[in-house]
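*Asks:* The structure that follows is given in the form of structure tokens.
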Amino acid sequence: MRICISIRIESTKKLEKLRPVLELTESTPVEVNLTQLVKTEEFEKFIPLLAAELEDYLQDRTSHVKVLITPEPGIIERLLNLLDYLNVERVVLKLPDSTDVMFDTVDEASRYGVKVVWKMPRSKIQQVNELANEIAPYRLRLALDVASRRSVREFTRDMLYAGGYVEILHLDNKKSGERGLPIFDEKGLINYAKIFKVLRCIQYDKDVVLNYKPQYYALYRRDVDLSYAVLHSVGSTVLDEKTKRFIESVLKEVMNVEY
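Residue numbers (the working numbering): 353 to 611.
Next up, the structure:
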């Protein structure tokens with residue numbers, strides 16, 4: 353499992369403000385969130401300049417680019433040109449309602465050597481197999497958001513439904529309706545020690561992305577280190593046996609069978 357961090361870029365003029373956190377997190381892979389920037393004229397006009405500046409700041413640390421908008425031909429073309437400049441192979445997009453749009457987007461991205469990862473809303477998680485059959489199972493890749501789930505049990509159920517299609521998990525904490533908090537916030541509602549135990553138990557080995565609000569970026573270094581420490585501490589303890597039994601009980605719900 354690989355721990356990544358997410359940074360939000362709303363303007364090329366604000367890149368300099370990100371330098372401290374990027375230096376602090378050293379070689380940690382980075383998700384570049386361009387959701388706001390991609391909607392501006394600046395994005396279309398300065399694609400080569402933006403690519404050059406991102407390379408300067410990130411130095412080949414870009415894991416993938418995230419643009420949470422419904423795919424539109426014009427924007428997708430400009431976005432794929434940027435990914436080509438950056439030599440980045442994955443993009444996270446908002447899942448559209450139309451499977452035809454999904455198929456066309458995946459097909460267009462493949463011409464650039466780019467893999468599309470769809471941000472999967474909780475309401476559509478049980479449609480995974482249907483979507484896979486529409487666009488071909490080997491082409492379906494998903495990103496899930498942990499904090500949008502109501503409990504560890506619901507998250508575990510969704511992971512079991514989605515099977516091997518999940519390629520990226522976004523992690524943040526929440527309290528009183530606020531999102532984007534550090535995952536180890538003592539007042540946060542989500543127990544990420546349990547989440548990590550579940551991930552190790554189901555042998556999830558793809559990316560997890562710490563997805564904080566900008567005011568918490570300074571805590572990325574600490575939480576990357578803590579995350580790896582928690583992951584490495586997961587072994588054959590009594591608590592881990594409880595985790596296995598918990599997953600087995602959730603699996604019964606998913607499969608609707610008795611063991």
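Heads up, the beta-carbon is just placed ideally off N, CA and C, and yes, glycines get one too. It should be emphasised that the depicted structure is a prediction, and the values quoted were computed from it without experimental measurement.
1) From S450 to Q478, what distance separates their C-alpha atoms?
2) Only counting the same chain, and skipping five residues up and downstream in sequence, which positions put a Cβ closer than 7 Å to that of L435?
3) For L571, which residues of its own chain have a beta-carbon under 6 Å away from its beta-carbon, when the five flanking residues on both sides are left out?
4) Give the DSSP bridge partners of S358, in chain order.
5) Is the stretch 532 to 552 in contact with the stretch 395 to 402, if contact means three or more CB pairs nearer than 8 Å?
6) State the Cα-Cα distance for the pair L374 and I547, rounded to the nearest angstrom.
7) Whose C-beta lies closer than 6 Å to the C-beta of Y544 among residues of the same chain, with five residues either side of it excluded?
8) Would you please state the rounded distance, in angstroms, between the beta carbons of W470 and L494? I believe it to be under 8 Å.
9) Curious, which full-length beta strand (DSSP E) runs of at least 3 residues does the stretch 466 to 512 contain?
10) Short of 7 Å in beta carbon distance, which residues of its chain neighbour L512, apart from the five on each side in sequence? Order them along the chain.
11) If contact is defined by three or more beta carbon pairs under 8 Å, each pair taking one atom from either stretch, is the stretch 354 to 368 in contact with the stretch 385 to 394?
12) Could you tell me the distance, in whole angstroms, from the CA atom of E486 to the CA atom of V440?
13) Rounded to a whole number of angstroms, what is the C-alpha to C-alpha distance between L521 and D557?
*Replies:* Walking through what the data contain:
1) C-alpha separation (whole angstroms): 16 Å.
2) Same-chain partners within the cutoff: V417, V443, Y464 and V466.
3) Closer than 6 Å at the Cβ level, and outside the excluded window around L571, lie P534.
4) Answer by DSSP bridge pairing, in chain order: E383.
5) No: fewer than three Cβ pairs fall under 8 Å.
6) Those two C-alpha atoms are separated by around 26 Å.
7) Excluding its 5 nearest sequence neighbours in each direction, Y544 has C-beta neighbours in its own chain below 6 Å: I535, listed in chain order.
8) Correct: roughly 6 Å between the Cβ atoms.
9) Listed in chain order, the complete beta strand (DSSP E) runs (minimum 3 residues) inside the stretch 466 to 512 are 467 to 471 and 494 to 497.
10) The residues are V602, L603 and V606.
11) Yes, since at least three Cβ pairs between the stretch 385 to 394 and the stretch 354 to 368 fall closer than 8 Å, the two stretches touch.
12) C-alpha separation (whole angstroms): 26 Å.
13) Cα-Cα distance, rounded: 11 Å.
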